[in-house]
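*Asks:*
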Amino acid sequence: MAVHVPLTLEAQLEARALMMSTNNILSPANGEPIIVPSQDVVLGLYYMTVTVLTPKAKAWC
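Taking the UniProt record's numbering, the leading residue of the sequence shown gets 1, the next gets one more, and so forth.
(1) Could you pull out every residue in the same chain whose Cβ sits closer than 7 Å to the Cβ of V5, ignoring the five residues on either side in sequence?
(2) Quick one, are the C-beta atoms of L43 and I34 less than 8 Å apart?
(3) Taking N23 and A17 to be in contact with their CB atoms under 8 Å, please state how far apart those CB atoms are, rounded to whole angstroms.
(4) Bridge partners for P33 per DSSP, in chain order?
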């Protein structure tokens, strides 16, 4: 079994840059997103950004 390791400094920097999470958002195979927010995150962001308060919610604030 072979192990491939970047030996030169340039190869190490290139590998580090290619493996960063900001560069791995879409799958290179089919272009679909790899990182997808869960339903909890989406719902939490919605509740954090909602601006209209119901009368019941105003009573608790």
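For every residue, glycine included, the Cβ atom is placed at its ideal position computed from N, Cα and C. Note that the coordinates shown come from a computational prediction; the quantities given were computed from them, not determined experimentally.
*Replies:* According to the data block:
(1) none
(2) no
(3) 7 Å
(4) L26
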